[in-house]
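*Asks:* Got a structure for you, written out below as structure tokens; questions coming shortly.
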Amino acid sequence: MHKHYTGLIERYRDRLPVSANTRIISLNEGNTPMIQLQNIPRILGKDVDIYVKFEGLNPTGSFKDRGMTMAVTKAVEEGSQAIICASTGNTSAAAAAYAARAGIKAFVLIPDGKIALGKLAQTLMYNATIIQINGNFDQGMELVKKVANHAPVTIVNSINPFRLEGQKTAAFEIVDDLGFAPDYHCLPVGNAGNISAYWKGYKEYALDRVCGNRPIMCGYQAAGAAPFLAGHPIENPETIATAIRIGNPQSWDLAWAAQQESGGWFDKFTDADILVAQKMLSQYEGVFCEPASATSLAGAMQDIKSGKIPEGSKIVCTLTGNGIKDPEIAMQQCADSKPVTIDADLDAVKRAILDSL
Ligand code: F0G
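One rule links them: number in my numbering = place in the sequence shown (from 1) + 5.
In structure tokens:
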């Protein structure tokens, strides 16, 4: 019997806190592709299987849709008329979209001038109320927590436990797709909700014997925003990967637990490393993710090269968001390969082709 795909809550409803009467707010998120890298392992000269879980292909272009379908579904079930979040751009876009779908209001606090253009554009289109602050994500997060005590709004940041419930389904999909859990799971870490959610998902599946193993969790941060490497929150996070420009992660304890229980590690990468990984994914694999997302591959490549991740390993890297969200960085990355402009003339086209063969 053909079954139309209607999103991750329907698919995994047995493992999620919904009832038969729950009105599900969904945009058919999830079910994202696992793409095996073909060229990068060869370039590395290592015998490894690397899959990318391309979360940039969710309805609003990031993994945040997984948590947001759950958080907004539960907010509506509880009778909430408005949601609020602080965001580096993707959470705000997802909150705005799911609020639009539900017919409720979304308020989003974003750091003025520090979110990627595509994220701002989509959040405006979904008709959220955007409050730009002269401050960073961490300050926005503190304000959201305070204001929620004074106004009838539901917080949909990942401190809302329903967010992690939705996000854990990515681990389920990976196991259901591969038939096993990978040996290593690499992902970028900002506010640290996602690494916590994946670990929860893998643990649940392993406990129920859906898979026999659990992966080693590798959390990679931007060098200028690496509180897990510092061992404490940091004051002024800075990175070109604005999605993970965060100094005081809210899921601090859960992320440490994921690292420790899995036998994994945290590491940090410069903006230059992150941009190299983003460009390599695009030019060698045809996969265009946003800068923050490429931190997972930057980390995997380093640890594969050094042998910390041994040959023969099966590795999954989560690519958290779509490259189209940040056109400004993409144009900067390609500043040396500007398009040529010619006359609309056959000879000129021929010359242009011959010149670049
Ligand atoms: N990658 C992207 C593209 C993100 O947008 C985020 C977080 C992360 C990675 C890190 O995930 O916070 O679960 O550790 N973005 C949040 C936002 C903070 O507001 O959109 P995390």
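Heads up, the beta-carbon is just placed ideally off N, CA and C, and yes, glycines get one too.
1) I need the DSSP call for P344, collapsed to helix, strand or coil.
2) Alpha carbon to alpha carbon, how far is V345 from Q255? Give it in angstroms, no decimals.
3) Am I right that T93 and I135 are in contact with their C-beta atoms under 8 angstroms? What's the rounded C-beta distance?
4) Using the C-alpha atoms, what's the distance from P64 back to A299?
5) If you pair each beta-carbon of the stretch 73-83 with each one of the stretch 47-58, do three or more pairs fall below 8 angstroms?
6) Quick check: the stretch 252-271 against the stretch 91-105, are there 3 or more CB pairs under 8 angstroms?
7) Since I245 and D278 are thought to touch, with beta carbons under 8 angstroms apart, how far apart are those beta carbons, to the nearest angstrom?
8) Between which residues of its own chain and E34 is the CB-CB distance below 7 angstroms, once the five residues before and five after are set aside?
9) Look at E240 and G224 and say whether their C-beta atoms are less than 8 angstroms apart.
10) In whole angstroms, give me the CA-to-CA distance for I115 and R16.
11) Give me the Cβ distance between A230 and I249, rounded to the nearest whole Å; I'm assuming they're in contact under 8 angstroms.
12) So the candidates are N44, R47, F68, Q41; which of them puts its Cα closest to the Cα of G326?
13) For N139, which residues from the same chain have a beta carbon less than 8 angstroms from its beta carbon, with the 5 sequence-adjacent residues on both sides left out?
14) For R168, count neighbouring Cβ atoms within 10 angstroms of its own Cβ and tell me buried if that reaches 16, exposed if not.
15) Quick check on DSSP: helix, strand or coil for F293?
16) Once DSSP output is grouped into helix, strand and coil, what is the label at A305?
17) Run through DSSP, which three-state label would L114 get?
18) Go ahead and label I358 buried or exposed: buried means 16 or more other beta carbons lie within 10 angstroms of its beta carbon, across all protein chains shown.
19) Starting from the C-beta of I88, find all residues in its chain whose C-beta is less than 7 angstroms away, skip the five residues before and the five after it, and write them out in chain order.
20) If you reduce the DSSP assignment to three classes, tell me which class Q137 lands in.
21) Does the distance between the C-beta of E2 and the nearest non-hydrogen atom of ligand 1 fall short of 7 angstroms?
22) Note down the Cα distance separating L302 from I320, rounded to an integer number of angstroms.
23) Provide the residue span of the beta strand (DSSP E) that contains Y225, from first to last.
*Replies:* Looking at the atomic coordinates:
1) Locating residue 344 in the sequence shown gives position 339, where the first residue counts as 1. P344: coil per DSSP, three-state reduction.
2) By one-based count along the sequence shown, residue 255 stands at place 250. By one-based count along the sequence shown, residue 345 stands at place 340. Spanning the two alpha carbons is a distance of roughly 47 angstroms.
3) One-based indexing of the sequence shown puts residue 93 at position 88. One-based indexing of the sequence shown puts residue 135 at position 130. Going by Cβ atoms, the distance from T93 to I135 rounds to 13 angstroms, so no, they are not a contact pair.
4) Sequence index remark: in the sequence shown, residue 299 carries index 294 (1-based). Sequence index remark: in the sequence shown, residue 64 carries index 59 (1-based). Cα to Cα, the separation comes out at about 20 angstroms.
5) Judged by Cβ distances under 8 angstroms, the stretch 73-83 makes no contact with the stretch 47-58, as fewer than three pairs qualify.
6) no
7) Taking the first residue of the sequence shown as 1, we reach residue 245 at position 240. Taking the first residue of the sequence shown as 1, we reach residue 278 at position 273. That pair is no contact at about 11 angstroms.
8) Working through the sequence shown from its first residue, we reach residue 34 at position 29. Once the five neighbours on either side are set aside, the close Cβ partners of E34 are G12, L13, N63, P64, D70, R71, T74.
9) As a first step, residue 240 is located in the sequence shown; it is residue number 235 there, counting from the start. As a first step, residue 224 is located in the sequence shown; it is residue number 219 there, counting from the start. No. Outside cutoff.
10) One-based indexing of the sequence shown puts residue 115 at position 110. One-based indexing of the sequence shown puts residue 16 at position 11. Answer to the nearest angstrom: the Cα atoms are 32 angstroms apart.
11) What you label residue 230 is simply residue 225 of the sequence shown in a count that begins at 1. What you label residue 249 is simply residue 244 of the sequence shown in a count that begins at 1. Confirmed, Cβ separation roughly 6 angstroms.
12) Translated into the one-based positions of the sequence shown, residue 326 becomes position 321. The shortest C-alpha separation from G326 is found at F68.
13) Translated into the one-based positions of the sequence shown, residue 139 becomes position 134. Within the same chain, N139 has close Cβ partners D117.
14) Looking up residue 168 in the sequence shown gives position 163. It counts as buried.
15) Residue mapping note: residue 293 aligns to position 288 of the sequence shown, counting from 1. Residue state, collapsed to three classes: coil.
16) As a first step, residue 305 must be located in the sequence shown, where it is residue number 300. In the three-state reduction of the DSSP assignment, A305 falls in the helix class.
17) Residue 114 sits at position 109 when you count from the first residue of the sequence shown. It is a strand residue.
18) Residue 358 sits at position 353 when you count from the first residue of the sequence shown. It is exposed - the Cβ of I358 has fewer than 16 other Cβ atoms within 10 Å.
19) Translated into the one-based positions of the sequence shown, residue 88 becomes position 83. The answer, listed in chain order, is V77, A80, A100, A104, I109, A111, V158, T159, V161.
20) By 1-based counting over the sequence shown, the position of residue 137 is 132. Strand at Q137.
21) Nothing in the structure corresponds to residue 2, since the chain is present only between 6 and 362.
22) On the sequence shown, residue 302 is found 297 positions in, with the first residue counted as 1. On the sequence shown, residue 320 is found 315 positions in, with the first residue counted as 1. Going from the Cα of L302 to the Cα of I320 covers about 10 angstroms.
23) Start at 1 with the first residue of the sequence shown, and residue 225 comes out as number 220. Unbroken beta strand (DSSP E) run through Y225: 221-227.
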